[in-house]
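Report on the structure given below.
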Amino acid sequence: MKVAVVKESAPGERRVALVPETVPRLVQAGLEVLVEEGAGDSAWFPDSAYTAAGAAVTSTDNLYATADVILTVTRPDPAAVARLRAGQAVIGMLSPLTDPHLARDLAAAGVTAVSLDGLPRTLSRAQGMDALSSQANVAGYKAALVAADAYGRFFPLLITAAGTARPAKLLVLGAGVAGLQAIGTARRLGAQVSGYDVRPASKGEVESLGATFIELTSVLSAAGEGGYARELTAEERDAQQAELAGHIARQDVVITTAQVPGRRPPLLVTEDAVRAMSAGSVIVDMGASPLGGNVAGSVAGKTIVTANGVTIIGAQHLAAAVPTAASSAYSRNISALLLHLVSEGSLAIDTTDEIQAGVVITHGGEVVHPAVAKLLAESTPSQGN
Ligand code: NAD
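Okay, here's the thing in structure tokens:
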């Protein structure tokens, strides 16, 4: 079976789905590995490193013509989708719940689509395949660095002949995988860090990193299913925003990472809260998206300075901005999933397996993932009426 690694085409995307280090594992499993010319260049993995690891570097045309399985980081663009043919498989982070139409097109083309973002993350045998966590971890690290870079003072306490600098006060809102890594990184840079989350279980995790946990009296717990948060009610949200505003006003830096699966990111930092911050403060909104983010006024991919001097960074592509580490981790995740799917040298799709039920989106010309099929049914007007 031929497994191919494509060169990513999304703007700002510097990661590659497979790094040379992982190639021998696949070759040992009897797979042939093809790599599109220059696929790893932006992550500092030259073609020669893939060849040395046992892969064959090839042209785009040959890759699409001969590959059985195509490995990607993000969704294939329309030009790539047009090149795919029936019987081929694509494995990547395809975000089918954000936009199910790619799944519809791939099903129509007879392509098997496997998406790492559907993985059942709490299953211990799936942890090595958890790309959402590995990439959130890289993004959280980078968020702290982006904040430090934009901040006009030091993060650590510095005592010098030219005077003493007090440490920066930094608050992380949302203490999941990305938030905890942002907390750890900001602590290592010497900031005075606190963290907040609606899941009470995160208190111990925040404190174990040496940060202070902020407990609100207005929202006690919003733990949802599978370790995720649930959406707050309108009253809870208003009370949370009002109570958080008091804490936010005392911070030099705020990093927000809050997400609720299948919903737009919750608004945690209101316009009033931004207005109450001092000039020179920095906010990094990791929830920034075209639907809106965790911070009022943030724009994905843009940096805005408010009239009162607060820099709001709508973070985008943070994991892609640490491409070598992010690709190495992703490569381990995707190859673990690929090897789980392969039996006797070919893909063995079986959605009675718990892992496959989460990740297999299309197969045999159908959208087989129930949640994606439901979304499509809701978004596609019925024919003939
Ligand atoms: P996520 O990206 O969905 O959300 C980030 C954080 O935002 C979460 O901690 C969430 O509680 C928080 N949040 C949501 N709404 C909020 C609000 N209104 N105010 C404040 N915070 C809010 O989360 P994630 O990083 O993917 O992790 C979610 C959970 O899954 C965590 O409990 C994590 O430990 C768990 N997890 C478990 C495994 C495993 O068992 N192997 C793997 C990965 C993640």
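Sequential numbering from 7 applies to the sequence shown in our numbering. Glycine included, each C-beta is placed from N, C-alpha and C at the ideal position.
For this session: Leaving aside the five residues before and after G351 along the sequence, list all residues of the same chain whose C-beta is less than 6 Å from its C-beta, in chain order.
Result: The sequence position of residue 351 within the sequence shown is 345, counting from 1. Here the set comprises M7 and G36.
Exercise. Between Y147 and the ligand NAD, is the CB less than 7 Å from at least one heavy atom?
Worked result: If you number the sequence shown from 1, residue 147 lands on position 141. For the ligand NAD, not one heavy atom lies less than 7 Å from the Cβ of Y147.
Exercise. So, do the region 163-172 and the region 115-134 have three or more beta carbon pairs nearer to each other than 8 Å?
Worked result: no
Exercise. Apart from the five residues just before and just after N143, which ones in its own chain have a Cβ nearer than 8 Å to its Cβ?
Worked result: Locating residue 143 in the sequence shown gives position 137, where the first residue counts as 1. Hits under 8 Å: V183, A184, Q187 and A335.
Exercise. Beta carbon of T80, beta carbon of E14: below 8 Å?
Worked result: Within the sequence shown, the letter at position 74 stands for residue 80. Within the sequence shown, the letter at position 8 stands for residue 14. Going by C-beta atoms, T80 is nearer than 8 Å to E14.
Exercise. Which term fits G201, buried or exposed, when burial requires 16 or more other beta carbons within 10 angstroms of its beta carbon?
Worked result: For the purposes of this step, residue 201 is identified with residue 195 of the sequence shown, where counting begins at 1. G201 is buried by the Cβ-count criterion.
For this session: Would you kindly work out how many angstroms separate the C-alpha atoms of E213 and L222, rounded to a whole number?
Result: The residue given as residue 213 occupies position 207 in the sequence shown. The residue given as residue 222 occupies position 216 in the sequence shown. Each residue's Cα considered, the two are about 16 Å apart.
For this session: Use the C-beta contact count for G44: other C-beta atoms within 10 angstroms, 16 or more gives buried, fewer gives exposed.
Result: Within the sequence shown, the letter at position 38 stands for residue 44. With fewer than 16 neighbouring CB atoms inside 10 Å of its own CB, G44 falls in the exposed class.
Problem set entry | When A23, Y70, Q34 and L32 are compared against S48, the one with the closest alpha-carbon | As a position in the sequence shown, residue 48 is number 42, starting the count at 1. That would be A23, whose Cα lies nearest to the Cα of S48.
Problem set entry | Contact under 8 Å by Cβ, T317 with A137 | The sequence position of residue 317 within the sequence shown is 311, counting from 1. The sequence position of residue 137 within the sequence shown is 131, counting from 1. Not a contact, by the Cβ cut-off of 8 Å.
For this session: Taking only heavy atoms of the ligand NAD into account, decide whether any of them is closer than 7 Å to the Cβ of T263.
Result: Taking the first residue of the sequence shown as position 1, residue 263 is located at position 257. Yes, the Cβ of T263 comes within 7 Å of a heavy atom of the ligand NAD.
Exercise. Beta carbon of S227: closer than 7 Å to some heavy atom of the ligand NAD?
Worked result: Within the sequence shown, residue 227 is the residue found at index 221, counting from 1. False, no ligand heavy atom lies under 7 Å from that Cβ.
For this session: Between the Cα of D111 and those of P376, E384, E372 and S385, spot the shortest distance and give me the residue it belongs to.
Result: As a position in the sequence shown, residue 111 is number 105, starting the count at 1. Ranking P376, E384, E372 and S385 by Cα distance to D111 puts E372 first.
Exercise. Who are the Cβ neighbours of G190 in its own chain at under 7 Å, not counting the five residues just before and after it?
Worked result: Here residue 190 refers to the residue found at position 184 of the sequence shown. Around G190: L215.
Exercise. Which two residues bound the contiguous beta strand (DSSP E) that contains V259?
Worked result: Position 253 of the sequence shown, counted from the start, is the residue given in the question as residue 259. Taken as a continuous stretch (DSSP letters only), the beta strand (DSSP E) holding V259 covers V259 to T262.
For this session: Run the proximity test for A142: is its beta-carbon closer than 7 Å to any non-hydrogen atom belonging to the ligand NAD?
Result: Looking up residue 142 in the sequence shown gives position 136. Relative to the ligand NAD, the beta carbon of A142 is positioned inside 7 Å of a heavy atom.
Exercise. Apart from the five residues on each side of it in sequence, which residues of its chain come closer than 8 Å, Cβ to Cβ, to S31?
Worked result: On the sequence shown, position 25 is the one that residue 31 refers to. Per the sequence shown, the amino acid found at residue 31 is Arg instead of Ser. For R31, where only same-chain residues beyond five positions count, the Cβ hits under 8 Å are S341 and L345.
Exercise. Counting only runs that start and end within the region 152-178, where is the beta strand (DSSP E) found for 3 or more residues in a row?
Worked result: 164-166 and 169-171
For this session: Classify R91 as buried or exposed, calling it buried when 16 or more other Cβ atoms lie within 10 Å of its own Cβ.
Result: As a working note, residue 91 is residue 85 in the sequence shown. So R91 counts as exposed.
For this session: Pair every Cβ in the region 361-378 with every Cβ in the region 157-165, then say whether three or more of these pairs are closer than 8 Å.
Result: no
Exercise. Which same chain residues, not among the five before or five after G293, have their C-beta less than 7 Å away from its C-beta?
Worked result: Here residue 293 is taken as the residue at index 287 of the sequence shown, counted from 1. Hits under 7 Å: T262, T263, A264, Q265, P271, G299 and N300.
Exercise. Counting only runs that start and end within the region 49-90, where is the beta strand (DSSP E) found for 3 or more residues in a row?
Worked result: 62-64 and 75-77
For this session: Report yes if the C-beta distance between V178 and V204 is below 8 Å; otherwise report no.
Result: Position 172 of the sequence shown, counting from 1, holds the residue named residue 178. Position 198 of the sequence shown, counting from 1, holds the residue named residue 204. No, Cβ-Cβ distance for V178 and V204 is not below 8 Å.
Exercise. By the 10 Å Cβ neighbour count, where 16 or more other Cβ atoms means buried, how is R131 classified, buried or exposed?
Worked result: Residue numbering aside, residue 131 sits at position 125 when the sequence shown is read from its first letter. The residue is exposed, with fewer than 16 neighbouring Cβ atoms inside 10 Å.
For this session: Just the C-alpha distance for R269 and V290, rounded to the nearest angstrom, thanks.
Result: The count along the sequence shown starts at 1 and reaches residue 269 at position 263. The count along the sequence shown starts at 1 and reaches residue 290 at position 284. If I take the Cα positions, the gap works out to 20 Å.
For this session: Please find out if some non-hydrogen atom of the ligand NAD comes closer than 7 Å to the beta-carbon of V212.
Result: Along the sequence shown, one-based indexing puts residue 212 at 206. Checking the Cβ of V212 against the ligand NAD gives no.
For this session: Compute every distance between the C-beta of G6 and the non-hydrogen atoms of the ligand NAD, then say whether any falls below 7 Å.
Result: This structure does not reach residue 6, given that the chain is present from 7 up to 391, and the question cannot be answered.
Exercise. Which whole-angstrom value is the C-beta distance of K148 and L324, which I expect to be below 8 Å?
Worked result: In the sequence shown, residue 148 corresponds to position 142, counting from 1. In the sequence shown, residue 324 corresponds to position 318, counting from 1. Confirmed, Cβ separation roughly 4 Å.
Problem set entry | Rounded distance between the beta-carbons of V275 and A302, thought under 8 Å | What you label residue 302 is simply residue 296 of the sequence shown in a count that begins at 1. What you label residue 275 is simply residue 269 of the sequence shown in a count that begins at 1. The pair is a contact, with the Cβ atoms about 6 Å apart (cut-off 8 Å).
Exercise. Mapping DSSP to helix, strand and coil, what is T218?
Worked result: Sequence index remark: in the sequence shown, residue 218 carries index 212 (1-based). Note: T218 maps to strand in three-state DSSP.
Exercise. Would you report the Cα separation of V12 and T104, rounded to the nearest angstrom?
Worked result: Start at 1 with the first residue of the sequence shown, and residue 12 comes out as number 6. Start at 1 with the first residue of the sequence shown, and residue 104 comes out as number 98. Whole-angstrom Cα-Cα distance: 23 Å.
For this session: Counting only the same chain and skipping the five closest in sequence on each side, list residues whose C-beta sits under 8 Å from that of H253.
Result: In the sequence shown, residue 253 corresponds to position 247, counting from 1. Answer for H253: L177, S200, Y202 and I220, listed in chain order.
Exercise. So what does DSSP say about H323, is it helix, strand or coil?
Worked result: Taking the sequence shown and counting its residues from 1, one reaches residue 323 at position 317. If DSSP states are grouped into helix, strand and coil, H323 belongs with coil.
For this session: Flag D136 as yes when its Cβ comes closer than 7 Å to any non-hydrogen atom of the ligand NAD, and as no otherwise.
Result: Walking along the sequence shown from the start, residue 136 turns up at place 130. For D136, the distance from the CB to the nearest heavy atom of the ligand NAD is below 7 Å.
Exercise. Who does H369 pair with in a DSSP beta bridge?
Worked result: Position 363 of the sequence shown, counted from the start, is the residue given in the question as residue 369. Beta-bridge pairing links H369 to E372.
For this session: State buried or exposed for Q141, treating a residue as buried only when at least 16 other CB atoms are found within 10 Å of its CB.
Result: The count along the sequence shown starts at 1 and reaches residue 141 at position 135. Q141 should be labelled buried.
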